[in-house]
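J.: Mind looking over this structure? Questions follow.
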Amino acid sequence: MNNSPVDDMFGGFHDAKDRHKFLSAEITKHDHAYYNDDAPLVDDAAYDALRAELLALEKDYPELADKNSPTQKVGAAPKSGFQKVKHNVPMLSLGNAFSEDDVSEFIKRIQRFLNLGEGDKIDIVAEPKIDGLSCALRYESGKLVQAATRGDGEIGEDITANVRSIIDVPETLPAPCPDVLEVRGEIYIRKDDFAALNKAQEEKGQKIFANPRNAAAGSVRQLDPTISAARPLRFYAYALGETSAPLSDTQDGIRRALKDKGFSLPKPYGVFDNSKAIMAHYDAVSTGRAQMDYDIDGIVYKVNRLDLQERLGFVARAPRWAIAHKFPAEQAITTIESIDIQVGRTGSLTPVARLTPITVGGVVVSNATLHNEDEIKRKDIRVGDHVVVQRAGDVIPQIVKSFPDKRDDDSAEYSFPTTCPVCGAHAVREEGEAARRCTGGLTCKAQVIERLKHFVSKNAYDIDGLGEKIVLQFFEDGLIKDPADIFTLEEQDKGSLTPLRNREGWGSTSANKLFDAIRSKTSIELPRFIYALGIRQVGQATAKMLAANYGSYSAWRSAMLAAADIESDAYQELINIDGIGALMTQDLIEFFKESHNLTFLDKLTQYVTPQDYAAPQSQDSPVSGKVVVFTGTLEKFSRSEAKAKAESLGAKVTGSVSKKTDYLVAGADAGSKLKKAQEAGVKVLSEDEWLALIK
Ligand code: IVH
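Everything in the sequence shown is counted per my numbering, starting at 333 for the first residue and increasing by one.
Rendered as structure tokens:
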């Protein structure tokens, strides 16, 4: 750039022009990645910030807004991302069955839970598991008002505009129709439509989709509904969500009612009352699967009676009354080029096989997990081996076996490293543990990085504009050393010689947007806060249980410190929380024993305030908040059903009697717990008294 008087006359025009060129190129690149590749490179917030800056620049320098500017292009729909939608009835996932044994265990489990004998028959509906993406359609007074993706099961994305064009999604439903009717099902693309779509994409020089499911997902995620409308999307209904009046009292009845209302239903379909008949159906569908119009990845079995579904309820994120019976995994043979070791958040060393790329069931696979040291030994996997790889659904590809007789003479057994490949610290394997772990702790760069990535992930802090890539960039730049530093970024930036707004790819708007987004997360839900800490074994469900049990950060923290003494009440309380076993208890205690973790918590809570947490519970239940213990043989229901019911009414069910127990429900032949309760003055109820109480 020369410094002619013209430059001065325009005052900064050349700078603006450079910036304009940079922003235009970035936006064009992102548009391409988003619209053509269905593979966005940045999140919507980062993209929006780029566009906002470009618009602001063109306002100051209108001459830059020529017809080539991305702001002038038709077709680049205004991007605001999708609105969030809360599911009043959560959209859950399904447990899996892989064998006949799993299926009969599923049925037996139901019989046990409902306290039925093995001879008592239960009708089970079987229908294909469509390999697409789930969608909830909300009808009010018979009109389609909203369509949402599943998202995390509780919050999804509003895709109404894209769904309206799907041919088998009715816009209006015939009367009579409940005021609110939420129809759930799967958006998918038929195999023949998929082939035609890919052919057209190829001719246009556009992205080829790996499989119908990816194509469907990519098409629904278009911000421009005209693009979705041009894609051959279809919809199969399979269940109801929120409804103001029941359509039927069976799953089978719901299917018929939905058909009458104009929905398409997946076939083949049947109602069976024993696992032999179910298996015969499974085998028939499995054989005919290749000839079906659309991809299915298994069969879903659901208890037909809705009253029984209601009694069976849910465990974690899946219903007890349904299961997905998966088809066997797809396999292929390839070779192992090398074995790499990845270091996880908690230091575990995971071996990963780098493979000669191979297509397995329509997807190119070049990596497979080898799980751990023992797995490699057990299967005698070596570099250079010919191996069978398999993938099933979304799971990480696995190595099934190798072919020792095909080995070269110089093939050598794999020797697992005893030092961390990243930081060089000793990697040790504690007794009873499958994983070897790096002992470098937070001096190990890999662990620090993984911890940061976990902290900003979707189910943890989920800060708009601060994805994995950017947080790692800040880490490399020395701006962030631990997750708490995220909250000092704005302050650091103020005094920095290279403030964000002057860096390539950034501007004032995007920098301010990021700081706003970070600030908005300084108040955070307690379960997210706990989960974000990345404590070994503490996933989302456990974090929620801990939050529900302790209610506040300070109560949780002091309880965890106190639990280090295994004689303490705090220890008893922790280990008694349903779903938290002895191993997890140990990991929690260990975490709080490390002084650097406490220092970190202190630093973090200088900036962020975890909100107090009250587990959602039915307000008017006479047992909400009460601590209940069941003992002895119950007659009216199984122990599991009793427990699930009590919990759904807001009670806390524990395994042993303590000072905190409110009720002991004693069935026949109650033993030591009854004695202990009587001694401690705990109120003892018979099964009938308990039923009367919760009625
Ligand atoms: S019933 C409480 N029926 O599978 C969950 N789901 O792995 C009830 N799916 O998210 C789901 N075909 O998107 C049901 N015939 C079918 C299905 C089906 C596909 C999907 C659904 C769900 C996922 C669970």
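Ideal Cβ placement from N, Cα and C applies to all residues, glycine included.
Predicted model only: the values in this text are computed from it and were never measured.
Alpha carbons only, please: which of Glu535, Ile909, Leu446 is nearest the one belonging to Asp639?
T.: Leu446
J.: Can you tell me the Cα-Cα spacing of Ala408 and Ala384, whole angstroms?
T.: Unreliable placement is indicated for Ala408, whose pLDDT of 33 sits below 50; the coordinate value is still reported in the next sentence. Near 14 angstroms, if we compare the C-alpha coordinates of Ala384 and Ala408.
J.: Would Lys523 pass as a contact of Asp625 if the rule is Cβ separation under 8 angstroms?
T.: Yes, Cβ-Cβ distance for Lys523 and Asp625 is below 8 angstroms.
J.: Within its chain, find whatever has a CB closer than 6 angstroms to the CB of Ala1002; leave out the 5 residues flanking it on each side and keep chain order.
T.: Cβ neighbours of Ala1002 beyond the five flanking positions: Thr963, Gly964.
J.: Is it the case that the Cβ atoms of Gly485 and Leu424 are separated by a distance below 8 angstroms?
T.: yes
J.: When you compare only the Cα positions, how much space is there between Pro460 and Pro544?
T.: Straight-line measurement puts the Cα of Pro544 at about 16 angstroms from the Cα of Pro460.
J.: Taking buried to mean at least 16 other C-beta atoms within 10 Å of its own C-beta, is Ile499 buried or exposed?
T.: exposed
J.: Which of the three DSSP states, helix, strand or coil, is assigned to Tyr793?
T.: coil
J.: Secondary structure at Tyr939, three-state DSSP: helix, strand or coil?
T.: helix
J.: Is Pro815 near the ligand IVH, in the sense that its beta carbon is under 7 angstroms from a heavy atom of that ligand?
T.: Pro815 Cβ: outside cutoff for every heavy atom of the ligand IVH.
J.: Could you check if Ala864 is buried or exposed, using at least 16 other CB atoms within 10 Å of its CB as the buried criterion?
T.: buried
J.: Within 10 Å of its beta-carbon, does Lys352 have 16 or more other beta-carbons around it, so buried, or fewer, so exposed?
T.: In the sequence as displayed, the identity of residue 352 is His instead of Lys. With 16 or more Cβ atoms within 10 Å of its Cβ, His352 is classed as buried.
J.: What residues match up with Ile487 in a beta bridge as DSSP calls it?
T.: Ile487 is bridged by DSSP to Lys418.
J.: Can you tell me whether Arg482 sits near the ligand IVH, meaning its C-beta is under 7 angstroms from at least one heavy atom of the ligand?
T.: yes
J.: Once you ignore the five residues that flank Gly464 on each side, which residues in its own chain have a CB closer than 7 angstroms to its CB?
T.: Glu518, Ile519, Tyr520, Arg545, Ala548
J.: Where does Ala409 sit, in a helix, a strand or coil, going by DSSP?
T.: The pLDDT assigned to Ala409 is 35, lower than 50, so where the model puts this residue is not dependable; a value taken from the coordinates is nonetheless given after this. Ala409 falls in the coil class under three-state DSSP.
J.: Using beta-carbon positions only, say whether Val695 and Val721 come within less than 8 angstroms of one another.
T.: no
J.: For Leu1030 and Val959, what's the separation of their Cα atoms in angstroms?
T.: Here the chain has residues from 333 to 1027 only, and residue 1030 is not among them.
J.: Under a Cβ-count criterion, where at least 16 other Cβ atoms within 10 Å of its own Cβ denotes burial, should Lys853 be classed as buried or exposed?
T.: buried
J.: Just how far apart, CA to CA, sit Leu920 and Tyr885?
T.: 14 angstroms
J.: Could you check whether the Cβ of Ser551 sits closer than 7 angstroms to any heavy atom belonging to the ligand IVH?
T.: no
J.: Closer than 7 angstroms: is that where the CB of Val651 sits relative to any heavy atom of the ligand IVH?
T.: The amino acid at residue 651 is misidentified as Val; the sequence shows Pro. Answer for Pro651: yes, Cβ within range of the ligand IVH.
J.: Nearest-angstrom Cα distance between Val989 and Gly999?
T.: 15 angstroms
J.: Quick one: Cα of Arg971 to Cα of Gln663, how far?
T.: 42 angstroms
J.: In chain order, which continuous runs of the beta strand (DSSP E) of length 3 or greater are located wholly inside the stretch 592 to 623?
T.: 602 to 604
J.: Measure the C-alpha to C-alpha separation of Leu286 and Thr701 and round it to an integer number of angstroms.
T.: For residue 286 there is no data in the structure shown, the boundaries of the chain being 333 and 1027.
J.: How about Ser734 and Ile708: do their beta carbons lie closer than 8 angstroms?
T.: no
J.: Quick one: Cα of Gly1013 to Cα of Lys992, how far?
T.: Spanning the alpha carbons of Gly1013 and Lys992 requires a straight line of approximately 11 angstroms.
J.: For Asp490, which residues of its own chain have a beta-carbon under 8 angstroms away from its beta-carbon, when the five flanking residues on both sides are left out?
T.: For Asp490, where only same-chain residues beyond five positions count, the Cβ hits under 8 angstroms are Phe414, Gln415, Lys416, Val417, Gln478, Ala479, Ala480.
J.: What first and last residue would you give for the alpha helix (DSSP H) that runs through Asn908?
T.: 901 to 908
J.: Hey, is the stretch 927 to 941 in contact with the stretch 812 to 819, meaning 3+ C-beta pairs nearer than 8 angstroms?
T.: yes
J.: Taking the alpha carbon of Arg677 as the reference point, which residue from Arg588, Gly866, Leu1025, Met916 has its own alpha carbon closest?
T.: Gly866
J.: Could you give the distance in angstroms between the alpha-carbon of Asn368 and the alpha-carbon of Val780?
T.: Unreliable placement is indicated for Asn368, whose pLDDT of 49 sits below 50; the coordinate value is still reported in the next sentence. The alpha-carbon atoms of Asn368 and Val780 are separated by roughly 35 angstroms.
J.: Report yes if the C-beta of Lys310 is less than 7 angstroms from at least one heavy atom of the ligand IVH; otherwise report no.
T.: Because the chain in this structure spans residues 333 to 1027, residue 310 falls outside the shown range and cannot be described.
J.: Residue range of the beta strand (DSSP E) that Pro557 falls in?
T.: From DSSP, Pro557 is part of no beta strand (DSSP E) but of the alpha helix (DSSP H) over 557 to 561.
J.: Please classify His613 as buried or exposed, where buried requires at least 16 other C-beta atoms within 10 Å of its C-beta.
T.: buried
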